[in-house]
Amino acid sequence: MLLTPQVPALPQEAYHPESLCFGCGPAHPDGLRLESRRMPGGGLGRLEGRARVSSKYIAFPGIINGGVVSTLLDCHGNWAAAIALMDKGCLPRPPLTLTASMEVRYLEPTPPDTDLILRSRVLSIRDAPGVGQQLRTTVEVELELLMPPAEGDAVPPVPSASTSPAVAAALGLAGAGASGFGGERLLATARGIFKRTGALRSM
Numbered sequence: 019m020l021l022t023p024q025v026p027a028l029p030q031e032a033y034h035p036e037s038l039c040f041g042c043g044p045a046h047p048d049g050l051r052l053e054s055r056r057m058p059g060g061g062l063g064r065l066e067g068r069a070r071v072s073s074k075y076i077a078f079p080g081i082i083n084g085g086v087v088s089t090l091l092d093c094h095g096n097w098a099a100a101i102a103l104m105d106k107g108c109l110p111r112p113p114l115t116l117t118a119s120m121e122v123r124y125l126e127p128t129p130p131d132t133d134l135i136l137r138s139r140v141l142s143i144r145d146a147p148g149v150g151q152q153l154r155t156t157v158e159v160e161l162e163l164l165m166p167p168a169e170g171d172a173v174p175p176v177p178s179a180s181t182s183p184a185v186a187a188a189l190g191l192a193g194a195g196a197s198g199f200g201g202e203r204l205l206a207t208a209r210g211i212f213k214r215t216g217a218l219r220s221m
């Protein structure tokens, strides 16, 4: 069955349930188990992921290792790229993608044993001449890692789409962006280039 944007399935379980990927593989016995879902009405490559990282992956007390954080962003970005290519090409399942490059900005320490949110947005899909007659397809993805507000925290108002930056600043909402509203804390951002390898993921 072709999964459409309206089907609330986990891509990791729907398209690659036997994966042993440390970051997102459902079959990895001790992995991070990233779970990604489509964002309703979000557009091409808009996925929201959830993860919870154990304290055994800390670099320092209360701080998750930066490499583990980048693993979550890397996996979520690959799935966003693959789903975007599947939708754009009307494919029965996502193609395999690999990370060509990724730049991560760590804004705040990521705590262990805490619910984490990842969001993705596809910036571009490009085709360039490859080997022989094949095209080299790359997908540029913007990523965010956030922490939801703690219980009892005051939740700031969410402005409408028509709220101007000046009004948002006057309300104390400047810098919140698309991910800061609702009391979420932006922990890290990334921008990655993901390349298609040609094959489709197994069912």
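Numbering (the working numbering), first residue to last: 19 to 221. Heads up, the beta-carbon is just placed ideally off N, CA and C, and yes, glycines get one too.
Check: Label Pro29 either buried or exposed according to how many other C-beta atoms from any shown protein chain fall within 10 Å of its C-beta, with 16 as the threshold for buried.; Outcome: buried
Check: Would you say Leu65 and Ser54 are within 7 angstroms of each other, going by their C-beta atoms?; Outcome: yes
Check: Report all residues from its chain with a CB closer than 7 angstroms to the CB of Pro166; omit the five preceding and five following residues, and keep chain order.; Outcome: Asp133, Ile135, Glu202
Check: Between the C-alpha atoms of Gly80 and Tyr124, what's the straight-line distance to the nearest angstrom?; Outcome: 15 angstroms
Check: For Gly43, which residues from the same chain have a beta carbon less than 6 angstroms from its beta carbon, with the 5 sequence-adjacent residues on both sides left out?; Outcome: Ser37, Gly49
Check: Using a 10 Å radius around the Cβ and a threshold of 16 neighbouring Cβ atoms, would you call Leu141 buried or exposed?; Outcome: exposed
Check: Roughly how many angstroms separate the alpha carbons of Ser72 and Leu161, rounded to a whole number?; Outcome: 22 angstroms
Check: Once DSSP output is grouped into helix, strand and coil, what is the label at Thr89?; Outcome: helix
Check: For Gln152, which of Arg214, Phe40, Ala45 has the nearest alpha-carbon?; Outcome: Arg214
Check: Expressed to the nearest angstrom, what Euclidean distance is found between the alpha-carbon atoms of Ala100 and Ala168?; Outcome: 32 angstroms
Check: Identify, in the order they occur along the chain, each residue of the same chain with its Cβ nearer than 7 angstroms to the Cβ of His46, setting aside the five sequence neighbours on each side.; Outcome: Leu38, Cys39, Phe40
Check: Work out the CA separation of Ala118 and Ile76 for me, nearest whole Å.; Outcome: 27 angstroms
Check: Less than 7 angstroms between the C-beta atoms of Thr156 and Arg139, yes or no?; Outcome: no
Check: For a test of the three-state rule: what should DSSP assign to Ser142, helix, strand or coil?; Outcome: strand
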